[in-house]
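Here is the structure we will look at.
Number of protein chains: 2
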Amino acid sequence: MPDKVLVYSRFPKAQLIRFGERYELLNAAGKRVDEAFPAAELADVSAMITAGGTPLGADAMDMLPKLGAIVCYGTGYDGVDLAAAAKRGIAVGHSPGANAASVADMAVTLMLASVRRLQVADNYVRSGDWAGARPSPMMRPQAGMRGRKVGVYGMGEIGRKIASRVAAFETEVGYFSRTRYDLPYRYLPSLEALVDWCSVLMIAVRAGADNTHVINADVLRRLGSDGFVVNISRGSVIDETALVAALTDGVIAGAGLDVFAREPHAPDALTALPNVVLSPHLGGHTLESHVAMQDCVLANLDAFFAGRPLPYKVSGT
Amino acid sequence: MPDKVLVYSRFPKAQLIRFGERYELLNAAGKRVDEAFPAAELADVSAMITAGGTPLGADAMDMLPKLGAIVCYGTGYDGVDLAAAAKRGIAVGHSPGANAASVADMAVTLMLASVRRLQVADNYVRSGDWAGARPSPMMRPQAGMRGRKVGVYGMGEIGRKIASRVAAFETEVGYFSRTRYDLPYRYLPSLEALVDWCSVLMIAVRAGADNTHVINADVLRRLGSDGFVVNISRGSVIDETALVAALTDGVIAGAGLDVFAREPHAPDALTALPNVVLSPHLGGHTLESHVAMQDCVLANLDAFFAGRPLPYKVSGT
Chain A
1 MPDKVLVYSR FPKAQLIRFG ERYELLNAAG KRVDEAFPAA ELADVSAMIT
51 AGGTPLGADA MDMLPKLGAI VCYGTGYDGV DLAAAAKRGI AVGHSPGANA
101 ASVADMAVTL MLASVRRLQV ADNYVRSGDW AGARPSPMMR PQAGMRGRKV
151 GVYGMGEIGR KIASRVAAFE TEVGYFSRTR YDLPYRYLPS LEALVDWCSV
201 LMIAVRAGAD NTHVINADVL RRLGSDGFVV NISRGSVIDE TALVAALTDG
251 VIAGAGLDVF AREPHAPDAL TALPNVVLSP HLGGHTLESH VAMQDCVLAN
301 LDAFFAGRPL PYKVSGT
Chain B
1001 MPDKVLVYSR FPKAQLIRFG ERYELLNAAG KRVDEAFPAA ELADVSAMIT
1051 AGGTPLGADA MDMLPKLGAI VCYGTGYDGV DLAAAAKRGI AVGHSPGANA
1101 ASVADMAVTL MLASVRRLQV ADNYVRSGDW AGARPSPMMR PQAGMRGRKV
1151 GVYGMGEIGR KIASRVAAFE TEVGYFSRTR YDLPYRYLPS LEALVDWCSV
1201 LMIAVRAGAD NTHVINADVL RRLGSDGFVV NISRGSVIDE TALVAALTDG
1251 VIAGAGLDVF AREPHAPDAL TALPNVVLSP HLGGHTLESH VAMQDCVLAN
1301 LDAFFAGRPL PYKVSGT
């Protein structure tokens, strides 16, 4: 009989097919575990699959007395209470780097679309305003990419892939991260120094308690009126209220956002703005990165059930 | 007294400021020259500024008996009847490479937005469909960029800048042009071979009579159902009717278009499609490329009025 695996978050069915071929899935699909399944059914569940951003605390873990492994689908694990997992000796795995290329591509897509005002341009053609020669102040020539200073905040696998892509656009690339690396980009010693220097801020930092709302009104003011913010990390890194105000008041020029403070909700004040490009947290959602993420999930589950350490363990757990 | 320069096409006023500081401008603004100005006024006009795509034949040239120089604003000169100009001994200048980085950036913007379905994604967030968890078949994961074969048709200055940008996205880059160059990309010996090989076709060829409608139904069929077309060259290169059919019937996956067959008109059948990204021929329209194009226009005009050869002459004229 196949081992049981609880599916904690809500996933599209297509993303679970390969897991279902190897394990018996108990799909809670985002519902409370103890409401989705009777305690007897949960008694012998020892592994679960979750989306890293879904809150998963001690209370949920305690509904699964035999839980030994939490396997995050994707690179993030910010929703998982790592201390609670450690206390119970639960291993936590994820999919490091599996979606890095796709996420970095999305970051650059949002950067280019914001700087070149692609949504406004597309609408200008579709609405017939172009054919009617109706003037649009949003369509006046803007500064493009060449010669721009692009700052990357966070220099993990995604940050590096963003940097190497952005450098191809004849830009200057700088970065700030806790660690200074041997990389061909300018290192700025703080987030403040980075935003003082750059006019496009690419947020690629791993979200955590130490960087919640670190992109605040002051940081945005320093970025300046020709400045753009692109976020493919987590919504929590930005003070979303301050961002909406900065975009509305022209404190910065625009933003490209794949992540939001309270997904799947994007505030009306944000969705009404013309100088933003928005995507529904799909940075990592390409076919090839799903295959790579599923490979990591399966490798973690297979190792766990074989009694071996997780090959893709969250570092420090 | 400053020399007179006729402005043949319709330009935004902001783009003419620097020319007006040095020359007396007669702005026909796209109207017939002999309707815009009396013959006496035109009698001593010896130079004109035009947009390279605006049709400019012998009839218009004949309205200016002293015409000695046609200076195109931008890199293109496909609207100018070069044979008629040569017959009258009129020098033709343009702005080679001045907007290459901006145009290449736009090509990559359209490529990424098409492949990652950015317009659909942005609309999915803004409409509230994401917040309402309403399923959208267009939002299913698609193949992204990594490992894709990207074909560049035309390897001039813009084609090279497209290729170097695209290569940064972990793709394979190939190209077809009349000349094979010493470049780190795969050379394909024909357009057919290129589209058989690639799944993204970037059109960067200089438009001319030899490549009108060269992107036809057969080429699109060869590109395939996971294929994308991006055009920043001229609308004439594509059989637009065949393209609309291929996009409607799923013969190809999508397209990103900055240029159209009859600008500023984009056909309704095209603007109604969800799998296209459209922009109103603004590839070259960044502040920095306008400055660079104006530098070329002024250098050409200054040289002409000083009796020197145009420094940025159209090759072969």
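Taken in sequence, the protein lines are chains A and B.
So for the first sequence, the working numbering puts the first residue at 1; every next one is plus one.
So for the second sequence, the working numbering puts the first residue at 1001; every next one is plus one.
Even glycine gets a Cβ: it sits at the ideal position worked out from N, Cα and C.
As the structure is a prediction and not an experimental result, all values here were calculated from the model.
Contact with chain B is found for Q142 (chain A), since one of that chain's Cβ atoms lies less than 8 Å from the residue's Cβ.
Residues of the stretch 1093-1127 of chain B whose Cβ lies closer than 7 Å to any Cβ of chain A, in chain order: A1101, S1102, D1105, M1106, V1108, T1109, L1112, A1113, R1116, L1118, Q1119, A1121, D1122, Y1124, V1125, R1126. Among the residues of chain B, those whose CB is under 9 Å from the CB of R146 (chain A) are A1101, S1102, D1105, T1286, E1288, S1289, following chain order. The beta carbon of T286 (chain A) sits closer than 7 Å to the beta carbons of S102 from its chain, once the five residues preceding and following it are set aside; these are given in chain order.
Cβ atoms of A1217 (chain B) and D1239 (chain B) come within 8 Å of each other, at about 7 Å. Note that the C-beta distance between G74 (chain A) and A51 (chain A) is below 8 Å. The same chain holds no residue with a CB closer than 6 Å to that of E1021 (chain B) once the five nearest residues on each side in sequence are set aside. Each of A:K66, A:A266, A:R221, A:D182 was checked against the Cα of G89 (chain A), and the nearest Cα belongs to A:K66.
Counting along the chain, no alpha helix (DSSP H) covers N216 (chain A), and no H or E run does either.
By the neighbour-count criterion, in which 16 or more other beta carbons inside 10 Å mark a residue as buried, V1237 (chain B) falls on the buried side. Nearest C-alpha to N300 (chain A) among A:H213, A:Y77, A:G93: A:G93. Closer than 9 Å at the C-beta level to chain B, one finds these residues of the stretch 155-177 of chain A: K161, S164, R165, V166, A167, A168, F169, E170. For A1261 (chain B), the closest C-alpha among the options B:P1280, B:R1234, B:A1193, B:A1255 is that of B:R1234. Contact check for L26 (chain A) and E41 (chain A): beta-carbon distance about 7 Å, within the 8 Å limit, so the pair qualifies. Of the other Cβ atoms in all chains shown, fewer than 16 fall within 10 Å of the Cβ of D182 (chain A); this residue is therefore exposed.
Between E1170 (chain B) and R1186 (chain B), the C-beta spacing is not below 8 Å. The Cβ neighbour count for I1017 (chain B), taken over all protein chains shown within 10 Å, is under 16; the residue is labelled exposed.
Cβ contact annotation for V1244 (chain B) (same chain, cutoff 6 Å, sequence separation greater than five): A1269, L1270, in chain order.
For the pair D105 (chain A) and M1061 (chain B), the CB atoms are not nearer than the 8 Å cut-off. Proximity of P1264 (chain B) to chain A, defined by a Cβ-Cβ separation below 8 Å, is satisfied.
Residue contact with chain A for V1277 (chain B): present (Cβ-Cβ distance below 8 Å to some residue of chain A). Within 7 Å of the CB of A51 (chain A), no CB atom of chain B is found; the nearest one sits about 14 Å away. Under the three-state reduction of DSSP output, I232 (chain A) falls in the coil class, being neither helix nor strand. In this structure, DSSP gives H1265 (chain B) an extended state, which the three-state scheme calls strand. In the same chain as G250 (chain A), and ignoring 5 residues on each side of it, the C-beta atoms closer than 7 Å to its own belong to S225, in chain order.
Among the residues of the stretch 38-69 of chain A, none has a Cβ less than 9 Å away from any Cβ of chain B. A Cβ of chain B is located within less than 8 Å of the beta carbon of P280 (chain A).
For a cut-off of 8 Å, the C-beta gap from L188 (chain A) to Y175 (chain A) is around 7 Å, short enough to register as a contact. Boundaries of the alpha helix (DSSP H) harbouring G1159 (chain B): 1157-1167, taken from the DSSP string. Y1153 (chain B) has its alpha-carbon roughly 10 Å from the corresponding atom of R1178 (chain B).
If the five residues before and after M1139 (chain B) are omitted, its C-beta is found closer than 8 Å to the C-beta atoms of R1117, V1120, A1121, Y1124, all from its own chain and listed in chain order. About 7 Å separates the beta carbons of D81 (chain A) and L56 (chain A), which is inside the 8 Å limit, making them a contact pair. Contact with chain A is found for A1131 (chain B), since one of that chain's Cβ atoms lies less than 8 Å from the residue's Cβ.
With contacts defined as CB atoms closer than 8 Å, M1048 (chain B) and V1005 (chain B) qualify as a contacting pair. Just measuring C-alpha positions, the residue of A:A266, A:T54, A:L201, A:P141 sitting nearest W1130 (chain B) is A:A266. Against chain B, the CB of T212 (chain A) has no partner CB under 8 Å away; the residue lies outside that interface.
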